[in-house]
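Visitor:
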Amino acid sequence: KAGVTQTPRYLIKTRGQQVTLSCSPISGHRSVSWYQQTPGQGLQFLFEYFSETQRNKGNFPGRFSGRQFSNSRSEMNVSTLELGDSALYLCASSLDSYNEQFFGPGTRLTVL
Amino acid sequence: ILNVEQSPQSLHVQEGDSTNFTCSFPSSNFYALHWYRWETAKSPEALFVMTLNGDEKKKGRISATLNTKEGYSYLYIKGSQPEDSATYLCALPNQAGTALIFGKGTTLSVSS
Numbered sequence: 021k022a023g024v025t026q027t028p029r030y031l032i033k034t035r036g037q038q039v040t041l042s043c044s045p046i047s048g049h050r051s052v053s054w055y056q057q058t059p060g061q062g063l064q065f066l067f068e069y070f071s072e073t074q075r076n077k078g079n080f081p082g083r084f085s086g087r088q089f090s091n092s093r094s095e096m097n098v099s100t101l102e103l104g105d106s107a108l109y110l111c112a113s114s115l116d117s118y119n120e121q122f123f124g125p126g127t128r129l130t131v132l
Numbered sequence: 018i019l020n021v022e023q024s025p026q027s028l029h030v031q032e033g034d035s036t037n038f039t040c041s042f043p044s045s046n047f048y049a050l051h052w053y054r055w056e057t058a059k060s061p062e063a064l065f066v067m068t069l070n071g072d073e074k075k076k077g078r079i080s081a082t083l084n085t086k087e088g089y090s091y092l093y094i095k096g097s098q099p100e101d102s103a104t105y106l107c108a109l110p111n112q113a114g115t116a117l118i119f120g121k122g123t124t125l126s127v128s129s
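Heads up: the protein sequence lines correspond to chains G and A, in order. Here the first sequence stands for residues 21 to 132, numbered as in our numbering. Here the second sequence stands for residues 18 to 129, numbered as in our numbering.
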């Protein structure tokens with residue numbers, strides 16, 4: 021069974037640009053969650069999608085958005101990048117968000 | 018907002034030592050508790066998902082207990098090995114079951 025994949029693995033952007041990250045879940049998993057991890061912080065919840073619907077969003081500004089497609093693949097977008105957006109972005113898939121989550125390798129975003 | 022607390026923040030032990038850490042959470046509206054292990058340069062991996070008060074789970078030298086009435090879970094590692102070095106994360110679903118909220122983790126370092 022293929023695991024969760026994320027692309028790209030590394031990104032370097034400059035302030036003001038926008039970025040799109042992609043996540044392909046494990047086949048059969050309909051829930052995809054996104055997390056941000058910065059030094060000194062734990063995994064901070066960004067949002068969760070289930071069957072193409074965003075069911076929950078964490079405490080992040082509107083510059084952070086996402087979507088889920090009918091095949092459960094998900095994208096997240098960050099517009100007008102700020103230096104503080106530099107982080108590791110992880111996605112995780114599961115049967116539902118309260119089940120065991122399977123994490124992708126992450127996308128390391130650096131904003132210069 | 019669900020508050021998940023983990024202690025200690027970090028821990029350094031010698032090979033062969035046994036150790037334990039704590040995850041604290043609000044005891045009301047409990048649904049499930051997850052433990053994850055996050056090794057450097059890898060993705061977080063689930064260790065246990067616990068749902069019942071008094072639950073005890075074991076995987077090799079690692080075990081966990083759960084007390085939902087008082088709102089805590091312990092993770093134990095018996096005879097720590099250098100390969101146990103990782104950050105151990107505790108997480109609980111929010112009340113709606115639409116997000117998994119993580120604590121900041123306990124980082125364990127085991128010296129040989």
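Even glycine gets a Cβ: it sits at the ideal position worked out from N, Cα and C. Every value quoted in this text rests on a predicted model; they were computed, and no experiment measured them.
1) Ala-103(A) bridges to which residues according to DSSP?
2) Whether or not the segment 28-35 of chain A and the segment 121-128 of chain G are in contact is what I'm after, with contact meaning three or more pairs of Cβ atoms, one per stretch, closer than 8 Å; do they touch?
3) Compare the C-beta of Tyr-118(G) against all C-beta atoms of chain A and say whether one is closer than 8 Å.
4) So Gly-86(G) is in the beta strand (DSSP E); what residue range does that whole segment cover?
5) Look at the alpha carbon of Ala-107(G) and the alpha carbon of Gln-57(G), and state the distance between them as a whole number of angstroms.
6) Please decide whether Leu-31(G) counts as near chain A, where near means a Cβ-Cβ distance under 8 Å.
7) Using the rule of at least 16 other Cβ atoms within 10 Å of the residue's Cβ for burial, across every protein chain shown, is Phe-67(G) buried or exposed?
8) For chain A, find out if any of its Cβ atoms is closer than 8 Å to the Cβ of Leu-63(G); answer yes or no.
9) Does the beta-carbon of Ser-27(A) have 16 or more other beta-carbons within 10 angstroms, so that it is buried, or is it exposed?
10) Verify the CB distance criterion: does Gln-121(G) have a CB-CB separation below 8 Å to chain A?
11) Any C-beta of chain A sitting closer than 8 Å to the C-beta of Arg-75(G)?
12) Nearest chain G C-beta to Phe-119(A) closer than 8 Å, yes or no?
13) Can you give the Cα-Cα distance for Gln-121(G) and Phe-65(G), rounded to whole angstroms?
14) Confirm, please, whether the CB-CB distance from Tyr-118(G) to Phe-49(A) is below 8 Å.
15) Ignore the nearest five residues each way along the sequence and tell me which others in Ser-44(G)'s own chain have a CB closer than 6 Å to its CB.
Guide: Inspection of the coordinates gives the following:
1) Leu-125(A)
2) no
3) yes
4) 84-88
5) 6 Å
6) no
7) buried
8) yes
9) exposed
10) Using a Cβ-Cβ cut-off of 8 Å, Gln-121(G) counts as an interface residue toward chain A, since at least one Cβ of chain A sits closer than that to its own.
11) yes
12) yes
13) Between the C-alpha atoms of Gln-121(G) and Phe-65(G) there is a straight-line separation of about 13 Å.
14) Looking at the sequence provided, one finds Ala at residue 49(A) rather than Phe. Cβ atoms of Ala-49(A) and Tyr-118(G): closer than 8 Å.
15) Hits under 6 Å: Thr-25 and Arg-93.
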